[in-house]
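Here the protein sequences come in this chain order: A and B. Going by the numbering used here, 27 is the number at position 18 of the first sequence; the sequence numbering is gapless. Going by the numbering used here, 21 is the number at position 12 of the second sequence; the sequence numbering is gapless. Backbone N, C-alpha and C fix where the C-beta goes; we use that ideal spot for every residue, glycine too. On a predicted model such as this, the values are computed, not experimentally measured, just so you know.
2 protein chains.
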Amino acid sequence: MTVTEQTSKTTSTQRAAEELRQMIVSGTLAAGTDHLETELAARLGMSRTPVREATLVLEGQGLLEVRPRKGVRILPISPEDMEEIYAILTTLESLAAGRAAQIGYGRSDLAELSESIAAMDAALAQEDREGWAAADSRFHSELMRLGGNKRAEGIVHMLSDQVHRARMATLWVRPLPEKSNDDHRRVRDAIRAGNFEEARQAHHSHRVQSGALLVELLRRNRLFSL
Amino acid sequence: MTVTEQTSKTTSTQRAAEELRQMIVSGTLAAGTDHLETELAARLGMSRTPVREATLVLEGQGLLEVRPRKGVRILPISPEDMEEIYAILTTLESLAAGRAAQIGYGRSDLAELSESIAAMDAALAQEDREGWAAADSRFHSELMRLGGNKRAEGIVHMLSDQVHRARMATLWVRPLPEKSNDDHRRVRDAIRAGNFEEARQAHHSHRVQSGALLVELLRRNRLFSL
DNA sequence: GCGTCATTTAATGTATGCATTAAAGTATGA
DNA sequence: TCATACTTTAATGCATACATTAAATGACGC
Chain A
10 MTVTEQTSKT TSTQRAAEEL RQMIVSGTLA AGTDHLETEL AARLGMSRTP
60 VREATLVLEG QGLLEVRPRK GVRILPISPE DMEEIYAILT TLESLAAGRA
110 AQIGYGRSDL AELSESIAAM DAALAQEDRE GWAAADSRFH SELMRLGGNK
160 RAEGIVHMLS DQVHRARMAT LWVRPLPEKS NDDHRRVRDA IRAGNFEEAR
210 QAHHSHRVQS GALLVELLRR NRLFSL
Chain B
10 MTVTEQTSKT TSTQRAAEEL RQMIVSGTLA AGTDHLETEL AARLGMSRTP
60 VREATLVLEG QGLLEVRPRK GVRILPISPE DMEEIYAILT TLESLAAGRA
110 AQIGYGRSDL AELSESIAAM DAALAQEDRE GWAAADSRFH SELMRLGGNK
160 RAEGIVHMLS DQVHRARMAT LWVRPLPEKS NDDHRRVRDA IRAGNFEEAR
210 QAHHSHRVQS GALLVELLRR NRLFSL
């Protein structure tokens, strides 16, 4: 067999979905704004067809809303939305933590988890908030992967996209997450120890706290619509 | 204001999505089968465009998979899929039960829940399995509604669609769900009593048991792909 | 001035045609 | 007979044209 070229055959619809997702999550397309299909198509250099298809996909992911004749609306996130989403994230991630413990991973299986914790430590030491946030995301996605439930993983990923902007917005008004890493270590250690209930609870209380903090920050800073 | 005609302005794409969903969930489009866009379009009496859009939506809901040049594949459900899905349903529904308890609904707010329980009793008395299943669905959707988390409700609905066929398939090989209604009553009573933890746990153990039973039935009856 | 109705406008919804390309089929030579 | 390269086929991906219709505009009567 020859080395096949990985031209990464990606369709315009996929490109549109990914680029739009990126633009939404990063705030390039601001929350609450409306965009006509034609406008987006021009922006992405393609016809309306793939753009329409992409918007349907993203609507299913809760990132925008297709409003006939008004263009697609980038959905803003309110503190209430955050509460809803965090409630789900909390329960699904905690389940994943427990399952990961049950599966009985060895130390090497948990390398990525440990590395992400180390990365958070390092970022924290330098007060590099964005670095910390990136490492935190890494920790949480890896946790979901270890949980071994693909559907739960997908759901958590979808919801994480929905709250990404809001998380970033609070990054600069929140206290440095000093305590967070103790939590993460506790979760990892419980997984390593194969302790379902401890892993679940440790992660649960971590998420409940960080979720409550975020919502509190949004309210205190009057970030009612991100 | 005059009484406006509710012509229920529904687009072809929506119709396609709903009709296809119905056909998939009911088994009219059998699990594991492939269907070309052209074929489906002809079947629904419309062009390929709305069908394509509908398939993208349904793919996002986990009901089918778009496989270029092979047609869309109706996704079958395996016992492993059931385990994944039930794990999520269990945790989200239990959360909803707890939240419902916290909200503090009055007796009249719980009328629909109680009625669905009564309907299950009645169906059971006549050994009307399909009637029981319908009432059971009613109970579970109402529970999610009472939980007050729209996103969780949507996710549970989506997953329920995914497992619908499998549930129906086991309906005829399972023992009559005699005990189930005690569970449902316990959940309702805990909600009425405003007892978060009791509601959560009662529903949790109910779901764990019924989920385990279903998976067991699928395996025992070699229903590996529904 | 103001509310109502007709007209216009523009954005979406749908159908269609064509380009692209994976897969199937076919021919060729070792 | 089998592997390989070529040809054909047919299904999708995308662009485009057109139909539909909500919203905006403007005309009209009061």
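Could you compute how far the alpha carbon of residue i sits from the alpha carbon of residue j?
i, j, result
"A/Ala26", "B/Ala131", "49 Å"
"B/Met169", "B/Arg147", "The identity of residue 169 of chain B in the sequence shown is Ser, whereas the question assumes Met. Rounded to whole angstroms, B/Ser169 to B/Arg147 spans 12 Å at the Cα level."
"A/Val12", "B/Leu45", "Here A/Val12 scores only 34 on pLDDT, less than 50, and its place in the model should not be relied on; the value that follows carries that caveat. Going from the Cα of A/Val12 to the Cα of B/Leu45 covers about 32 Å."
"B/Arg194", "B/Leu73", "36 Å"
"A/Leu223", "A/Leu185", "13 Å"
"A/Phe233", "B/Asp118", "30 Å"
"A/Val172", "B/His173", "30 Å"
"B/Met10", "B/Lys18", "Bear in mind that the predicted position of B/Met10 carries a pLDDT of just 31, short of 50, making it unreliable; the figure below should be weighed with that in mind. Each residue's Cα considered, the two are about 19 Å apart."
"B/Arg231", "A/Ala221", "46 Å"
"B/Ile97", "A/Ala161", "7 Å"
"B/Gln31", "B/Leu67", "11 Å"
"A/Glu207", "A/Asn158", "19 Å"
"A/Thr16", "B/Gly113", "Residue confidence is low: A/Thr16 scores 42 on pLDDT, short of 50, so the model does not pin down where it sits. No coordinate-derived value is stated."
"A/Ser9", "A/Arg183", "Nothing can be reported for residue 9 of chain A: it is not among the residues displayed for chain A, which extend from 10 to 235."
"A/Gly54", "A/Gly80", "18 Å"
"B/Glu89", "A/Arg229", "45 Å"
"A/Asp43", "A/Gln218", "34 Å"
"A/Gly203", "B/Ser35", "41 Å"
"A/Glu14", "A/Ala63", "Its pLDDT being 37, under 50, A/Glu14 is placed unreliably in this model, and the coordinates cannot settle the point."
"A/Leu235", "A/Leu227", "9 Å"
"A/Leu38", "A/Met177", "15 Å"
"B/Leu29", "B/Thr100", "29 Å"
"A/His213", "A/Met153", "13 Å"
"B/Gln2", "B/Val196", "With chain B covering only 10 through 235, there is no way to say anything about residue 2 of chain B."
Assuming residue i contacts residue j (C-beta within less than 8 Å), just tell me the rounded distance between them.
i, j, result
"B/Thr22", "B/Pro59", "4 Å"
"A/Asp192", "A/His215", "4 Å"
"B/Phe205", "B/Gln111", "5 Å"
"A/His149", "A/Glu102", "7 Å"
"B/Ile83", "B/Ala40", "5 Å"
"A/Ile200", "A/Ala106", "7 Å"
"A/Glu139", "A/Leu180", "7 Å"
"B/Ser164", "A/Ile86", "First, the residue type needs correcting, since residue 164 of chain B is Ile and not Ser in the sequence shown. Between A/Ile86 and B/Ile164 the Cβ distance is about 17 Å, and since that is not below 8 Å, they are no contact."
"A/Arg9", "A/Gly156", "The question about residue 9 of chain A has no answer, for chain A in this structure spans 10 to 235."
"A/Glu151", "A/Ser125", "6 Å"
"B/Ala175", "B/Met91", "6 Å"
Hey, could you find the ends of the beta strand (DSSP E) residue i is sitting in?
i, result
"A/Gly80", "80-83"
"A/Leu76", "The amino acid at residue 76 of chain A is misidentified as Leu; the sequence shows Arg. It spans 73-76 - the beta strand (DSSP E) in which A/Arg76 sits, taken as one unbroken run."
Can you name the start and end residues of the alpha helix (DSSP H) that residue i belongs to?
i, result
"A/Arg174", "159-179"
"B/Pro88", "88-112"
"B/Glu136", "Looking at the DSSP string, B/Glu136 is not in any alpha helix (DSSP H), and its letter there is neither H nor E."
"B/Phe205", "205-229"
"B/Asp191", "189-201"
Q.
List, from N- to C-terminal side, the alpha helix (DSSP H) runs of 4 residues or more that fit wholly inside the segment 14-65 of chain A.
A. 21-35, 46-53
Q) Which of the residues in the segment 138-165 of chain A, read from start to end, lie with their CB under 8 Å from any CB of chain B? A) Asn158, Lys159, Arg160, Ala161, Ile164
Q: Can you give me, in chain order, the residues of the segment 95-106 of chain A that have a beta carbon less than 7 Å from any beta carbon in chain B?
A: Ala96, Ile97, Thr100, Leu101, Leu104
Q. What are the residues of the segment 64-79 of chain A that lie near chain B, defined by any Cβ-Cβ distance shorter than 8 Å?
A. Leu65, Val66, Gly69, Gln70, Gly71
Q: Please name the residues in the segment 15-41 of chain B whose beta-carbon is closer than 7 Å to at least one beta-carbon of chain A, in chain order.
A: none
Q | Positions along the segment 82-94 of chain B whose CB lies within less than 7 Å of some CB in chain A | A | Glu93, Ile94
Q: Could you list the residues in the segment 180-214 of chain B with a C-beta less than 9 Å from some C-beta on chain A, going in chain order?
A: none
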